[in-house]
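Using the working numbering, you'd call the opening residue of the sequence shown number 2 and step up by one each time.
These notes are about the structure you will find just below.
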Amino acid sequence: MRPLNIPSFQSNLLKLVVLKNKEFLRVSVRAKACLPADIPIVMKPMNEAITQIGTYRDQNRASRQFNHLSAVSEAIPAFGWVCVAPRPIDYMSEMIGASDFYINRILRDFKDTPGHKEWSQKLKQLFTALKEYVTNNHKKGVQWNPNGGDAKEVAAKIYGGGSAAPKAPAAPRAPPSAPAPPPPPPAGAKPKAGAPSAGGGLFAEINKGADVTKGLKKVSKDQMTHKNPGLRGSSVVKDADLNKNKKAAAPAKKAAGPVSRPPKLKLEGKKWSCEYQNGVQDIVIDAQVTQSLYIFRCENSVITVKGKINSITLDNCKKTGIVVDSLVASLDVVNSNSIKVQVNDKAPIVNIDKTDGCQVFVQKATGLATEFVTAKSSEVNICLVEENGEYNESFVAEQFLTKYCDGKFVTELYEVCG
């Protein structure tokens, strides 16, 4: 199932998610419908496994197999169908469809390399089989056992009892700047005898029953404020005391802001990496036809690419501009905001995914053959530049109308008249 050189760690995590999904279904067979308050507890093992897949993808953005990692990471939330009712299939279709963008890029970038096409097909088959299973057995949501036990108790037995649950694979060794976290304690480990539990004292007091009030101090009549009006003034908190308490209190910690990393502009093999640039308007890259460019988390910056380059990807950028002479493959804009793209010569394909605000300038003399693919994006405008420098701007439709016609649903552009 793995293509050439793709890290096997994520494949092991995918297997773990499948096993945790199976354990959840075992809980549903033996338990009543899960209470809303217990859903996070019953779902915790599977949610943790799904989160690890996304985290691993983010940690390996420079990997040559980043599109493979992203294809799995985008589709894996489909296993959360167990929390969706009454139509989990619609939710699954949306999650699985999100991976098509990256699968198409794999098929394009590795079309001459054996193994990658087969890997993509196997990944699609896995999630297709999952949809078929849900359609045939849980079409309106998870089928619980009305005569079963409490879901939280059953989950505790299945997750922690019987045969040992599979453990998450060990993550690759982290660099010295980010030491790995300590290993978790064994599943059967018990707290030391000398260490009392956090809530032990509280429950011990509650279990005393009526004896819990024996330790309270008795208030005499001369100390009661409702019998002695003169004492009521002493209940007012003085400014001096209030300021004293403020000084004694520890200052609250400020919320941690986004992690700032040093800017990066480097050629690694045949891949340019331009990352964490902020406010830099004069970045120039002299490219070659065999090279690619990956732009990540840049803001208020302009990147100019001279010469012909294979492909360009903008990921998680904001208010960033890209000027390129010519492309062999495609220019991709993903998870970004307020982007401007200018193509001086030719670009076969421009992909825009999960982006709000993107203005693309293409030359009328050379850019009429460019294909634009948009998904989950808004405020996308295409500008056709004339030879005199003036341009005509056209918008990409965002609203569609779907209706039943001649035995099937038909989708067309939705036009507002008025």
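Note that beta-carbon positions come from the ideal geometry of N, C-alpha and C, so glycine has one too.
Treat the numbers as computed from the prediction; the structure is a model and nothing was measured.
Among the options, which one has its Cα closest to the Cα of residue i?
i: A421; options: T136, D316 and K272; result: Nothing about residue 421 can be reported from this structure: the residues present for the chain run from 2 to 419 only.
i: E394; options: K365, E372 and L268; result: K365
i: I375; options: C359, E387 and L20; result: In the sequence as displayed, the identity of residue 375 is Thr instead of Ile. Out of C359, E387 and L20, C359 has the C-alpha closest to the C-alpha of T375.
i: P46; options: A130, I296, L36 and F25; result: F25
i: W38; options: T371, C84, F10 and E49; result: Checking the displayed sequence, the identity of residue 38 turns out to be Ala instead of Trp. Residue C84 is the option with its Cα nearest to A38.
i: E154; options: L36, L131 and Y392; result: L36
i: N336; options: F80, Q11, C318 and V325; result: C318
Is it buried or exposed for residue i, if we count other Cβ within 10 angstroms and need 16 for buried?
i: G161; result: exposed
i: V30; result: exposed
i: L294; result: buried
i: G408; result: exposed
i: R88; result: exposed
i: C406; result: exposed
i: F401; result: exposed
i: S9; result: exposed
i: Q292; result: buried
i: P356; result: In the sequence as presented, Pro is not what sits at residue 356; that position holds Thr. Buried, by the Cβ-count rule.
i: E95; result: exposed
Going by beta-carbon coordinates alone, are residue i and residue j separated by less than 7 Å?
i: N301; j: G280; result: yes
i: V363; j: V344; result: yes
i: I104; j: A72; result: yes
i: K341; j: S327; result: no
i: N68; j: R106; result: yes
i: I350; j: E372; result: yes
i: D287; j: K271; result: no
According to DSSP, simplified to helix, strand and coil, what is residue i?
i: W82; result: helix
i: A157; result: helix
i: V43; result: helix
i: A370; result: coil
i: G55; result: helix
i: F297; result: strand
i: D1; result: No information on residue 1 is available, as it lies outside the stretch 2 to 419 that the chain covers here.
i: F362; result: strand
i: E391; result: coil
i: L36; result: coil
i: F401; result: strand
i: K409; result: strand
So is residue i in contact with chain C if we call contact Cβ pairs under 7 Å?
i: V329; result: This model lacks chain C altogether, as it is built from one protein chain only.
So residue i and residue j are supposed to be a Cβ contact under 8 Å. How far apart are they, rounded?
i: L14; j: I40; result: Wrong, their Cβ atoms sit about 22 Å apart, outside the cutoff.
i: A152; j: K33; result: 6 Å
i: I284; j: D316; result: In fact, because the Cβ distance is near 16 Å, the residues do not count as touching under 8 Å.
i: I42; j: A156; result: 7 Å
i: R298; j: I159; result: At roughly 41 Å, the Cβ-Cβ gap does not stay under 8 Å, so R298 and I159 are not in contact.
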